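This report refers to the structure that appears directly beneath it.
Number of protein chains: 6
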Amino acid sequence: MKKENYDTYIWDLDIEPKIELLDKEMKRYIEVCNEKLGMVPNVILANASDPERLKSFVNFYNRLMVKEGHLSKLEREMIAVVVSSCNQCFYCVVAHGAAVRQISKNPILGDQLSINYRSAKLSKRHKLILDFAAKLTETPHKMNNEDREVLRKNSFTEEEILEIVEVTSFFNMSNRIASGTDMKPNENYHNMARK
Amino acid sequence: MKKENYDTYIWDLDIEPKIELLDKEMKRYIEVCNEKLGMVPNVILANASDPERLKSFVNFYNRLMVKEGHLSKLEREMIAVVVSSCNQCFYCVVAHGAAVRQISKNPILGDQLSINYRSAKLSKRHKLILDFAAKLTETPHKMNNEDREVLRKNSFTEEEILEIVEVTSFFNMSNRIASGTDMKPNENYHNMARK
Amino acid sequence: MKKENYDTYIWDLDIEPKIELLDKEMKRYIEVCNEKLGMVPNVILANASDPERLKSFVNFYNRLMVKEGHLSKLEREMIAVVVSSCNQCFYCVVAHGAAVRQISKNPILGDQLSINYRSAKLSKRHKLILDFAAKLTETPHKMNNEDREVLRKNSFTEEEILEIVEVTSFFNMSNRIASGTDMKPNENYHNMARK
Amino acid sequence: MKKENYDTYIWDLDIEPKIELLDKEMKRYIEVCNEKLGMVPNVILANASDPERLKSFVNFYNRLMVKEGHLSKLEREMIAVVVSSCNQCFYCVVAHGAAVRQISKNPILGDQLSINYRSAKLSKRHKLILDFAAKLTETPHKMNNEDREVLRKNSFTEEEILEIVEVTSFFNMSNRIASGTDMKPNENYHNMARK
Amino acid sequence: MKKENYDTYIWDLDIEPKIELLDKEMKRYIEVCNEKLGMVPNVILANASDPERLKSFVNFYNRLMVKEGHLSKLEREMIAVVVSSCNQCFYCVVAHGAAVRQISKNPILGDQLSINYRSAKLSKRHKLILDFAAKLTETPHKMNNEDREVLRKNSFTEEEILEIVEVTSFFNMSNRIASGTDMKPNENYHNMARK
Amino acid sequence: MKKENYDTYIWDLDIEPKIELLDKEMKRYIEVCNEKLGMVPNVILANASDPERLKSFVNFYNRLMVKEGHLSKLEREMIAVVVSSCNQCFYCVVAHGAAVRQISKNPILGDQLSINYRSAKLSKRHKLILDFAAKLTETPHKMNNEDREVLRKNSFTEEEILEIVEVTSFFNMSNRIASGTDMKPNENYHNMARK
């Protein structure tokens, strides 16, 4: 992978990616990113500052967001954007907003979830998912049994509920890693799937 | 591992630990917990509902909280308690409050951080760490360069700053997994290291 | 009463208890505390800085929290802990958390109310009391008729409602006296009734 | 005292003043109110629902607000209005707003403190008092040493600081008793000292 | 118009009214104010710092607040006071509080809306209007279809709903112009229509 | 103007634009919009439901946002986006985000201000403007002299300060009109000036 594939600014820390220290699997992972997306997402470069950091992050992320799950990929990306919008996380709104546009083929939906998901025309299922995610993000201490019961009464399975919780929670972590380090999204994201 | 080592209530989800599906390494991990602590923490049992879930969680957690890091173990546990107290997470305040008592040999410090870290008499270093963690937890969107500069001017290294960010962010995830599922701490934690 | 019964740090004010100025009744009150609890609570020592201050505080407190009332003693102490937890008052969470443990013989309940009362398994009656107390603490300006009607429909008497209001209000005062002066609880409280 | 001196509505509780049960001293107290103010404040009638309630309230209140103290009477009443305005307490803003108008002979000051004390042109001393009171009211958990140090550096004595804390705390109680019971101020207050 | 009709302090900006630059219509407007009210409201003098500023403000204001509308004048003034009270705007609470007292002939209603509209005994219609206005003021991002449906189910017309939105929105602007410039109300307002 | 230039959904009110009732000047205004932008902004169509409504809105808006002012056009649009982002107003973030992209020729700046202006690399002047606008939007009651003094010390003129206040305040109105009626931006805005 050539140097020019790095954006010049990744985050406000004097800590560099150390691609040369990565094992084969992780090096390969980075190459695949580059091939598929035409860039290596800055969150990957940032985590590549330490081989263990990258590996544990990638495994955690992939299980939750990439592999087959109980929610659809779009649903998981919608949660990502809404959580990140609640936390006003520039990196994650931009990167996952692009993913929502791409998967949904609906560029306006991406903007609606980025700015205020209540402005979007959502199916009942999606509204329930996002209301739960927003509450768990903003007032985790107010969560209670009834919040889960609402989902159950609307035919969500236990595994779906758990996945909503996990994805919401994960982005509450990611948002703070990005905001705490001033991580910046790759420029490509901004225009991706705009029409 | 015998059944009686499980607390009867883990969380408000009809999803059970599936110890029998775990690989050797994870089974061994659970046994070691049990040997060392006299119990398997409920967060481990909850994650054991799926072999991948457990593995990615344990790897992520261990790199951050168990292995040698840039902050001391006490410092990382102090962050854990303060973040969890901001989020009023019952599971994590109880479990990591116990860890603070144990490592610091100061049971009152555990209570102070659990209720309001501003009530504790802290070194300047610890106060700076916890102020940063509390701000990143409560108003991630207000983080800026100056917050990191304050740490730098007080001799924190880049790696230390990153670790403060990572630990803070991790517990913002963990707190929401626990609050979103009503996960309950094992009873043993409550009295651990009380004097 | 000997000097050694005082904790060395009471609050962040250069104002001392003046036991010698107290009248017989208040001197006796302090001795009784000491006999029963093995210590004089710092809130009493702090108020003993002025004979009138102590007397009016003790009378007010005793009518509300010690004498036979309309709520049980446990209920009044539960309110005390939940209000103090909302306000993150170190002194009052510690002192009244101990009281909840002692009266309820349930040390976990004390921790639950201290961290987040929504994590406790409560009777409907207790949940209604604590929801009312938390709302009156956090958003007093939003209280309205319906809040009282909910209690009435659940068989609370007018006197019980008034007592919930009074105890909640009292700890909103006490919490601020403690937080405004950095009053510290006696060390004994931390381990009291832990099992 | 004749019935017609009662306003018809005191609060939203079916609990009546029981003047006939009061002891001589409290009966006299009520008569004096009536003579001096031409009315019995509803907070007194409300507390007169129980002889002990009234007595402990009146003693507590008088020590703090009526007797010679370390702050001037106007300063204590200014705190009362600002705290009550933070909590949007109708009863206390009206009753103590009247007191500020009366003592200060400045009816506009009363309105300024009732609506937003930052709109008033205040002496440095008064601004410091009210900033402290507003912070202790709204974010008691954020109080720390520095808040008291600011006062000390501006020549406030320890006793003055304690009195600011006590008066602020007292009205955080009173506001909640009034809001929790829908206590209404006597009509006379509204026009008192208007010019 | 003579100089003495100006209050000496209008706002904290070194920008003066320039009556001499106004066109005939606006000069006449100011004279009419003076004749009817015995003063020129400071908001008019402030806007008179620029002929265009005044004209566009007066036209906007008059269409909304003075001309025949879908809500009664009292209803529009009630909204003005409640919005201004939410935003703690000294200028607008004072000026429109006076208007409520004048139109309603109920001086207490003015104080109730100024301090906490929940303390007022309101018709269902008025309560619905003010609840909507308060929500739109405090959490505009949480507005949704259901908020409008509640009004529709209670016989509000589309035009009435729009007017509630417009008046609420207008005072969210006015309040910030006043607070952002420290605009002060004319003294006359304070005592207007007090009985 | 032909019907097909209307987006089908303008807002959630059963109130239609009444182009036929408009006077010549306003009809011409709408035609000019259409010629220049290839669409009539929905906010114009919505206001065209009443000739007076449209006229007073357009005059108010043009004086502030279109004509030569004391701030540059970009600065005024930056304020518009930041205020609208604080209030999570879908309509205004989309429409004025497009304007920022267009004027600045910096599409990323538009996204940064839309999501979290603190993520943008701003000149000191722009940062001061936006900090003032954000504070005036979120906590108007906390504005004070010092906020204006900061601007003055950084060479802002009185007229510039006033314009910052006016533009900020105007969008606090517009945001609530849009959120209160569920006004939707024309689809064209989303992709405008994306590269």
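Chains as they are written, first to last, in our numbering: chain A, 7 to 201; chain B, 7 to 201; chain C, 7 to 201; chain D, 7 to 201; chain E, 7 to 201; chain F, 7 to 201. Ideal Cβ placement from N, Cα and C applies to all residues, glycine included. Every value quoted in this text rests on a predicted model; they were computed, and no experiment measured them.
Spanning the alpha carbons of Phe-138(E) and Lys-130(E) requires a straight line of approximately 12 Å. Spanning the alpha carbons of Leu-77(E) and Tyr-67(E) requires a straight line of approximately 15 Å. Contact of Asn-48(B) with chain A is not assigned, every C-beta pair being separated by 9 Å or more. Interface criterion not met: the Cβ of Glu-165(C) is under 9 Å from no Cβ in chain B. Rounded to the nearest angstrom, the gap between the Cα atoms of Glu-81(C) and Ile-135(C) is 8 Å. For Asn-93(B), no alpha helix (DSSP H) run applies, since DSSP gives it neither H nor E. Under the Cβ distance rule, Val-171(A) counts among the residues neighbouring chain B, one pair being separated by less than 9 Å.
Contact with chain F is absent for Asp-20(A), since none of that chain's Cβ atoms lies less than 9 Å from the residue's Cβ.
The three-state reading of DSSP puts Gly-75(A) in coil, since its state is none of H, G, I, E or B. Within the region 94 to 119 of chain A, the residues whose Cβ lies closer than 7 Å to any Cβ of chain F are, in chain order, Gln-94, Phe-96, Val-99, Val-100, Pro-113, Ile-114, Asp-117, Gln-118. Distance from the CA of Phe-176(D) to the CA of Pro-191(D), rounded to the nearest whole angstrom, comes to 18 Å.
Rounded to whole angstroms, the separation of the alpha carbons of Glu-193(D) and Asn-40(D) is 14 Å. In terms of beta-carbon proximity, Asp-137(D) stays away from the interface with chain E, with every pair separated by 9 Å or more. Ranked by Cα distance from Leu-19(D), the first of Arg-59(C), Asn-150(C), Ser-62(C) is Asn-150(C).
Here the C-alpha atom of Tyr-123(A) lies approximately 21 Å from the C-alpha atom of Lys-148(B).
Pairing Arg-59(B) with Val-171(A) gives a Cβ-Cβ distance that is not under 9 Å. The continuous stretches of alpha helix (DSSP H) do not include Ile-25(D), and DSSP gives it neither H nor E. Taking C-alpha positions only, Leu-115(C) is separated from Met-189(C) by approximately 24 Å. Each residue's CA atom was taken as its position, placing Val-106(B) and Val-88(C) some 23 Å apart.
By the rule that beta-carbons nearer than 9 Å mark a contact, Pro-146(E) touches chain F. Here DSSP, grouped into helix, strand and coil, assigns Pro-57(D) to helix.
DSSP, read as helix, strand or coil, puts Ile-109(F) in helix. Taking all protein chains in view, the Cβ of Thr-187(E) is crowded by 16 or more other Cβ atoms within 10 Å, so the residue is classified as buried.
Where Asp-137(A) is concerned, the enclosing alpha helix (DSSP H) starts and stops at 130 to 144. Straight-line spacing of the CA atoms in Glu-37(A) and Val-46(A) works out to 8 Å. The C-beta distance from Asn-197(B) to Arg-200(C) rounds to 6 Å, short enough to fall under 8 Å. Around the beta carbon of Val-72(A), fewer than 16 other beta carbons lie within 10 angstroms, which makes this residue exposed. In this structure, Arg-69(A) and Ser-62(B) form a Cβ contact; the two beta carbons are roughly 5 Å apart against a cut-off of 8 Å.
Secondary structure of Tyr-35(A) (DSSP, three-state): helix. A direct Cα-to-Cα measurement between Ala-184(E) and Cys-92(A) gives close to 30 Å. Against chain A, a Cβ distance below 8 Å from Gly-75(B) picks out nothing, because the smallest value is about 11 Å. Excluding residues up to 5 positions away in sequence, His-76 lie with their Cβ nearer than 8 Å to the Cβ of Thr-163(F) in the same chain. For Thr-14(D), the nearest beta carbon of chain C is not closer than 9 Å to its own beta carbon. For Thr-174(F), the enclosing alpha helix (DSSP H) covers residues 164 to 187.
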